[in-house]
C-alpha cells in the first residue's frame, strides 16, 4: 500500500513538472509571437491616439510589438506603407494615397481625424505681410498664394473646399508645394506665401508668437474626414487578424484621448498625465511647461471607435478624380476596407 502511494506521488509530481514546463513554454511562445509592427506617423497632437495606445500598453495587450517611424508629410507615409517599410500609417487621405490604392497597394481601415464644428480644428492663417496688405478674412483669399506640402495633399483639398464655399475657382489661387510642414511654416512666417492651413497646436503657437494672423477655422467651410488609419492590402489579406487587433488597440487610444482632452470637465490629474504622454512625441524638444499649453489647445476631434466617414471619403475621391489627380478606375472598395469599423 505504501509503495502504491509513493508511486502515485511521484507520478503526480512528474505530471506537475511537465505541466509547469508546458505553461512556461506556452507563455514564452506567446511572447515570442507578438507581431512586430511599425507605425508611420507625424509628430502631431492629432496622431496622439497611437502614442496613448503605445504608452498605456493597448498594443501590447493585443499581442503587438509596436514602434513609430516619423515623417514630415502625409504622402511619404502612404508610400512607406505600400512598400512595407511601415505596417500602418496615420495620415491625410491624399491624392497620392488614392493612386496607391488604385494600384491595389493600400486601403483605409479606420477613421482618425475629423473636423467637427465647435471643436478647434485646422486653422486658416495669413502672413503678417499679407494681412497688413488687406488679407484679413477668408473670403479675401482669392488671388493669393497658399503653402502646402504636395499637389494632391490634404492642404490642396482643404483649399478647394474653402474656395468652393466662398465662391471662386481654385485655379485663381497660387498653390505652392513645399514638401514639408516645416517649410510651409517658414514660408508663411517670412511672407514668402500669403496663407496656410495648419493643425491648431502649430497654428495657435504661430499666432500667439505674432508670426501670423488667424483668418478662420476650416470647420466653417468643410467638416470632413481629414486623416485615417491605413495599411497595405497585403496585410489585410495575409494578416487580417493582426489588423483587427491593431484597430482595436488604436480605438482605445482614441477613446482615451477624446474623453480626457476634449471634455471640459476632465480630471486635471488625468489630463496632465495624458499631456505628458503626448509630450514624449509632440514638441518633445521643448520643456514640458512650454509645450503643455499648445498640446492642450491643439486637441482635435478624433473619430470615436475609429468609425470612418465613408460618405465624405467618397466625396474626396470624386473631387480628386474630377481634378485629374486620380484615375477614374479607382473605386470606393479599392480605397477603403469597411469591414474593420463602423462607417457612416
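Residue numbers (the working numbering): 396 to 739. All C-beta atoms, glycine included, are put in the ideal place defined by N, C-alpha and C.
message = If you follow the beta strand (DSSP E) that residue 569 is in, where does it begin and where does it stop?
response = Start at 1 with the first residue of the chain shown, and residue 569 comes out as number 174. Note, residue 569: beta strand (DSSP E), 569 to 572.
task = Could you pull out every residue in the same chain whose Cβ sits closer than 6 angstroms to the Cβ of residue 653, ignoring the five residues on either side in sequence?
result = Walking along the chain shown from the start, residue 653 turns up at place 258. So the qualifying residues of the chain are 697.
message = For the pair the segment 601 to 617 and the segment 506 to 515, tell me if three or more CB-CB distances fall below 8 angstroms.
response = yes
query = What did DSSP end up calling residue 680 once you bin it into helix, strand or coil?
reply = The residue you call residue 680 lines up with position 285 of the chain shown. Coil, per DSSP.
query = Would you say the segment 633 to 648 touches the segment 547 to 566, given that touching needs at least three Cβ pairs under 8 angstroms?
reply = no
ask   = Where does residue 634 fall in DSSP's three states?
value = For the purposes of this step, residue 634 is taken as the residue at position 239 of the chain shown. Correct three-state label for residue 634: coil.
query = If you run the structure through DSSP and keep just helix, strand and coil, what is residue 456?
reply = The residue given as residue 456 occupies position 61 in the chain shown. In this structure, residue 456 counts as helix in the three-state DSSP scheme.
query = Which one or two residues does DSSP pair with residue 502 in a beta bridge?
reply = Here residue 502 corresponds to residue number 107 of the chain shown, with the count starting at 1. Answer is 626.
query = Ordered along the chain, which non-local residues of its own chain (more than five positions away) have a Cβ less than 6 angstroms from that of residue 545?
reply = The residue you call residue 545 lines up with position 150 of the chain shown. These residues qualify, in order along the chain: 470 and 572.
request  = Quick one: using the 10 Å Cβ neighbour count with 16 as the cut-off for buried, is residue 465 buried or exposed?
outcome  = As a working note, residue 465 is residue 70 in the chain shown. Residue 465 should be labelled exposed.
query = Can residue 352 and residue 488 be called in contact, C-beta distance under 7 angstroms?
reply = The structure shown does not extend to residue 352, since the chain is modelled only from 396 to 739, so the question has no answer here.
ask   = What residues match up with residue 462 in a beta bridge as DSSP calls it?
value = Stepping through the chain shown from its first residue, residue 462 is reached at position 67. In the DSSP output, where bridge partners are listed per residue, residue 462 has 433.
message = Checking 7 angstroms against the spacing of the C-beta atoms, do residue 457 and residue 640 come in under that value?
response = Stepping through the chain shown from its first residue, residue 457 is reached at position 62. Stepping through the chain shown from its first residue, residue 640 is reached at position 245. The answer is yes: Cβ separation under 7 angstroms.
query = Going straight from the alpha carbon of residue 461 to that of residue 671, what length do you get?
reply = For the purposes of this step, residue 461 is taken as the residue at position 66 of the chain shown. For the purposes of this step, residue 671 is taken as the residue at position 276 of the chain shown. Roughly 20 angstroms between the two C-alpha positions.
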